[in-house]
Amino acid sequence: MNEMDDEAILAELGVSVTPLKDGAHTAQEERLIAGFEDILRFVETHGRVPEHGEDRDIFERLYAVRLDRLRAIPSAHALLASLDTQGLLGAKPAVVDVEELEGMDDQALLAELGIAPEDDITQLRHVRSYEDRKAAEDIANRTPCKDFERFAPLFEKAETELKKGERRALRFGRNASVEEGDFFILGGQVVYVADIGESFRTPNGETDARLRVVYGNGTESNLLLRSLQRALYKDESGRRLTAPGAGPLFRDVMERDDVENGTIYVLRSRSANPFVVEHRELIHKIGVTGGKVETRIANAANEATYLLADVDVVATYKLSNLNRTKLENLFHRLFAPVLLDLTIEDRFGRPVKPREWFLVPLPVIDEAVARIVDGSITGMVYDPQTARLVSL
């Protein structure tokens, strides 16, 4: 079969034969394409083109401006023709002054599109990852909360507890937990997680869920858990309101038993005790010190509290203004079900049962510290059967 026959067959199948362009797209062209793909996603999601107007959210307004700019650039039509299956570029710009655009140089046009000059192509104005943009769009899409009277007393109570010091506002950590009934501060507003839907697996393997989130101004949104996490982490003023009665582990004012800068340390024993040898990767000592960990463990081989053996430091966590006693008690409560039940003889032959040693995997200790810092440890217990922290 000759070449003409091949082309005829392709034509019958409705497939056009277009010569391949020599070379890849330039960085500027790639950014034009990426910007247009954002607009296409918006149209696919909302069933309409992005519109101008102060009543529209910031992303829709940005996409509307970008679409007008692209419509006014002839070279963009040729570049994006294969993507423009809905004929978006054929319409006239809604508000843009075409003559003004024609008088702008390429660099100014690119700047209007959120694209930096060619010599600084890594700097994009207003451009974030798709995940970050999706998170912000979810947050922005709010509707009036029709049953806000149900939640108003909860907001008032949380505000009162915060003023009394019964709750604290703590910085939100990356991917920190979000539970039903949690309060947060996002964009200067108090946020309440009213409901968490059934969890599901995203294409990239993350676990996510749809939330019902109520805001202190009487609005609500149904956003993804991951979107809320990203928004809280990105917001410099994003905070978690700790649960009342949790007890302040980290303070703004120093008190007795507080240390200005402390370290939570996790140790693993080199003991030759048969049980320790068998479970060495699982047995950990968790402690808190206001000094150097190296100094604290320098004489470990001669101290029963360290199982009369040298130890390895497997993890440390630097913290500020922590209450050492309360923190140690919290670890003891949390991991009480797996407290190491081991009796050894000290240097004088007396039986000793060391404390602060637990049969718990290191990743679980990592999670516990993260939850302590962001305040989500309240109501959590360690389940030895699943080797996980779970809600009561």
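In terms of this note's numbering, the sequence shown opens at residue 284 and continues consecutively. C-beta atoms are modelled at their ideal positions from N, C-alpha and C, and glycine is treated no differently.
When the options are compared against residue i, the one with the closest alpha-carbon
{"i": "L602", "options": "F631, T572, V594, T426", "result": "T572"}
{"i": "V549", "options": "E343, V594, H562", "result": "V594"}
{"i": "K636", "options": "T626, P427, L642", "result": "T626"}
{"i": "R563", "options": "G574, V597, A587", "result": "V597"}
{"i": "V461", "options": "K568, L366, R654", "result": "R654"}
{"i": "R513", "options": "R484, D478, F455, N505", "result": "F455"}
{"i": "I479", "options": "L366, L506, I468", "result": "L506"}
{"i": "E313", "options": "A359, F342, R354", "result": "A359"}
{"i": "D624", "options": "E611, N612, L613, R638", "result": "R638"}
{"i": "S520", "options": "K429, V332, L469", "result": "L469"}
{"i": "Q369", "options": "F342, L610, L508, E320", "result": "E320"}
{"i": "P667", "options": "P634, F641, S510, T661", "result": "F641"}
{"i": "R630", "options": "P646, E586, T309, L610", "result": "E586"}
{"i": "F483", "options": "Y475, A492, A477", "result": "A492"}
{"i": "N500", "options": "D430, V559, P486, K446", "result": "D430"}
{"i": "I648", "options": "G570, R607, Y475", "result": "G570"}
{"i": "E463", "options": "T485, G471, L508", "result": "L508"}
{"i": "G662", "options": "L645, T525, P646", "result": "T525"}
{"i": "R607", "options": "P634, A581, G574, R633", "result": "G574"}
Beta-carbon proximity check, residue i vs residue j, cutoff 8 Å
{"i": "L437", "j": "L363", "result": "no"}
{"i": "L453", "j": "G658", "result": "yes"}
{"i": "L353", "j": "L372", "result": "yes"}
{"i": "R495", "j": "E489", "result": "no"}
{"i": "R425", "j": "Y516", "result": "no"}
{"i": "P527", "j": "R450", "result": "yes"}
Beta-carbon proximity list for residue i, same chain, < 7 Å, skipping 5 on both sides
{"i": "V576", "result": "T546, Y548, V596, T599"}
{"i": "P333", "result": "I322, F325, E343, Y346, A347, L350"}
{"i": "A651", "result": "L617, I660, L672"}
{"i": "E327", "result": "none"}
{"i": "E481", "result": "A492"}
{"i": "L675", "result": "G662, V664"}
{"i": "A435", "result": "none"}
{"i": "L645", "result": "V549, H567, V597, A598"}
{"i": "L511", "result": "V461, L494, V496"}
{"i": "A374", "result": "R354"}
{"i": "D518", "result": "L469, G470"}
{"i": "E444", "result": "R450, P527"}
{"i": "A361", "result": "none"}
{"i": "M387", "result": "Reliability of the predicted coordinates at M387 is poor, the pLDDT of 40 falling under 50, and the value obtained from them is presented with this limitation in mind. Here the set comprises nothing."}
Nonlocal neighbours in the same chain, by C-beta distance under 8 Å from residue i, ignoring five residues either side
{"i": "E442", "result": "V473"}
{"i": "V643", "result": "L565, H567, F618, V621, Y665, A670"}
{"i": "A584", "result": "L591, A592, D593"}
DSSP-derived helix/strand/coil call for residue i
{"i": "T626", "result": "coil"}
{"i": "D321", "result": "helix"}
{"i": "S510", "result": "helix"}
{"i": "H615", "result": "helix"}
{"i": "S482", "result": "coil"}
{"i": "V452", "result": "The sequence given here places Ala at residue 452; Val does not occur at that position. In this structure, A452 counts as strand in the three-state DSSP scheme."}
{"i": "F467", "result": "strand"}
{"i": "F641", "result": "strand"}
{"i": "A670", "result": "coil"}
{"i": "H562", "result": "coil"}
{"i": "D403", "result": "The predicted model places D403 with a pLDDT of 38, which falls under 50 and marks its position as unreliable; any figure quoted below should be read in that light. Looking at D403 - three-state DSSP - the assignment turns out to be helix."}
{"i": "Q369", "result": "coil"}
{"i": "S460", "result": "coil"}
{"i": "T443", "result": "helix"}
{"i": "V476", "result": "strand"}
{"i": "I655", "result": "helix"}
{"i": "V596", "result": "strand"}
{"i": "S358", "result": "helix"}
{"i": "L494", "result": "strand"}
{"i": "P527", "result": "coil"}
{"i": "G335", "result": "Inspection of the sequence shows that residue 335 is occupied by His rather than by Gly. Coil at H335, not helix or strand."}
{"i": "R551", "result": "strand"}
{"i": "L610", "result": "helix"}
{"i": "T572", "result": "strand"}
{"i": "E577", "result": "helix"}
{"i": "L350", "result": "helix"}
{"i": "T588", "result": "helix"}
Proximal residues to residue i (C-beta, below 6 Å), its chain only, five neighbours per side dropped
{"i": "I322", "result": "Y346, L350"}
{"i": "R523", "result": "L453, F455, F467, D657, G658"}
{"i": "D465", "result": "V476"}
{"i": "I580", "result": "V594"}
Check whether the stretch 584 to 593 touches the stretch 551 to 558, taking contact to mean three or more Cβ pairs, one atom from each stretch, closer than 8 Å. Flag = yes, the stretch 584 to 593 and the stretch 551 to 558 touch.
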